[in-house]
Amino acid sequence: MIRVIPGVDRRNFARELDAFHKIRKRVFFEMFRWDVAVINSWEIDGYDALDPVYLLSVNEAGQVVGGLRLLPTTGFNMLNDTFPQLLPEGKRIESPLIWESSRFSIDPAADIQIGPKRISRAIAELGLGMNEIGTRIGLRQIVTVYDATLHRRLSRVGCAGQPIGEPKRVGASLAYAVFFEVGPAAETAVREASGIEGSVLEPEDALPIAACAMIRARGETFQRPEAKARRARPAIPRP
Numbered sequence: 384m385i386r387v388i389p390g391v392d393r394r395n396f397a398r399e400l401d402a403f404h405k406i407r408k409r410v411f412f413e414m415f416r417w418d419v420a421v422i423n424s425w426e427i428d429g430y431d432a433l434d435p436v437y438l439l440s441v442n443e444a445g446q447v448v449g450g451l452r453l454l455p456t457t458g459f460n461m462l463n464d465t466f467p468q469l470l471p472e473g474k475r476i477e478s479p480l481i482w483e484s485s486r487f488s489i490d491p492a493a494d495i496q497i498g499p500k501r502i503s504r505a506i507a508e509l510g511l512g513m514n515e516i517g518t519r520i521g522l523r524q525i526v527t528v529y530d531a532t533l534h535r536r537l538s539r540v541g542c543a544g545q546p547i548g549e550p551k552r553v554g555a556s557l558a559y560a561v562f563f564e565v566g567p568a569a570e571t572a573v574r575e576a577s578g579i580e581g582s583v584l585e586p587e588d589a590l591p592i593a594a595c596a597m598i599r600a601r602g603e604t605f606q607r608p609e610a611k612a613r614r615a616r617p618a619i620p621r622p
């Protein structure tokens, strides 16, 4: 199942977010060898201080298997402000109808493969969770950055994102900027690959969805800061 955690409510989900930050460290620092901030056993950055919406894949034992975070593209986000080299020259993606997914990461030791196409259950749940939230709050697309290995895995099961520009090397891996359309076609592709039926969101996630809708509404009138202010990085919250 997918647990939806608004960043403003992070204190009530300390155990789950602790696990997620540790997974992020193993994936981005140890496996990908990206230049990321590590504090103790966590990978954490300034975007975590912007109160993103976290989606966590949690198994039957309550263990966090993987996760991601969502931010509106009308504010600071990784694609525009950290990885602009992955976009065509001069391009920025800014729309209240487009959100960014970032820090997508999974603990392979805790994950399992499911469905007729043997897709990762955590990948399938997170994909369905993003699409369901996006549909419910009126998004059109979700953009993200992921490595070439994940792009190939998703391509094999018919669930890959659409590349925005040419892949570039980030750390020890080749990275893509891609977008996913929000809607029934994306949902059908993941359900056919995984065999998952019904909503993947926890039943009690009505309030977090309402929080997502409020963030989406604020994005309609958000004004980007001036270029000088844009370069200032958000402070990193301490674990």
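All residue numbers for the sequence shown refer to my numbering, where the first residue is 384 and numbers rise by one.
Note that the Cβ used here is the ideal one computed from N, Cα and C, for glycine as well.
Being a predicted model, the structure only gives us computed values, none of them experimental.
| Check | Outcome |
| --- | --- |
| Return the residue from the list I476, G510 and P586 that minimises the CA-CA distance to V540. | G510 |
| Looking at C595 and V573, is the spacing between their C-beta atoms short of 8 angstroms? | no |
| Can you have a look at Q524 and say buried or exposed, based on whether 16 or more other CB atoms are within 10 angstroms of its CB? | buried |
| First and last residue of the alpha helix (DSSP H) that includes I520? | R504 to I520 |
| Is Q468 helix, strand or coil by DSSP? | helix |
| Based on Cα-Cα distance, which residue from G498, V387, L537 and Y529 lies nearest to V561? | Y529 |
| Is it right to say L557 is buried, meaning 16 or more other beta carbons lie within 10 angstroms of its own, or is it exposed? | exposed |
| Within its chain, find whatever has a CB closer than 8 angstroms to the CB of A612; leave out the 5 residues flanking it on each side and keep chain order. | Confidence in A612 is poor, its pLDDT being 41 and thus under 50, which makes the residue's placement unreliable; the coordinate value appears in the next sentence. Contacts found: none. |
| Which residues share a DSSP beta bridge with Y529? | Y559 |
| Within 10 angstroms of the Cβ of D418, are there 16 or more other Cβ atoms? Answer buried if so, exposed if not. | exposed |
| Output the boundary residues of the alpha helix (DSSP H) element that contains P567. | P567 to S577 |
| Quick check on the burial criterion: 16 or more other C-beta atoms within 10 angstroms. Buried or exposed for T527? | buried |
| Suppose you measure from the CA of R599 to the CA of G458; what does that come to, to the nearest Å? | 11 angstroms |
| So, under 8 angstroms CB-CB, V565 and T518 are touching, yes? Tell me the CB distance rounded to an integer number of Å. | 6 angstroms |
| Runs of 3 residues minimum, wholly inside the stretch 405-455: which ones carry the beta strand (DSSP E) assignment? | 436-441 and 447-455 |
| Please report the Cβ distance between S485 and M461, rounded to the nearest whole angstrom; I am assuming they are in contact, meaning their Cβ atoms lie under 8 angstroms. | 5 angstroms |
| If you reduce the DSSP assignment to three classes, tell me which class S488 lands in. | strand |
| How far does the beta strand (DSSP E) with R386 in it reach, from first residue to last? | I385 to P389 |
| Which first and last residues belong to the beta strand (DSSP E) in which R501 is found? | No beta strand (DSSP E) contains R501, which DSSP labels as neither H nor E. |
| On the CB-based measure, 16 or more other CB atoms within 10 Å of its CB, does R501 come out buried or exposed? | exposed |
| With the cut-off set at 8 angstroms, would you say V436 and L584 are in Cβ contact? | no |
| DSSP state of L584, grouped into three classes? | strand |
| Please classify E483: is it buried, with 16 or more other beta-carbons within 10 angstroms of its beta-carbon, or exposed? | buried |
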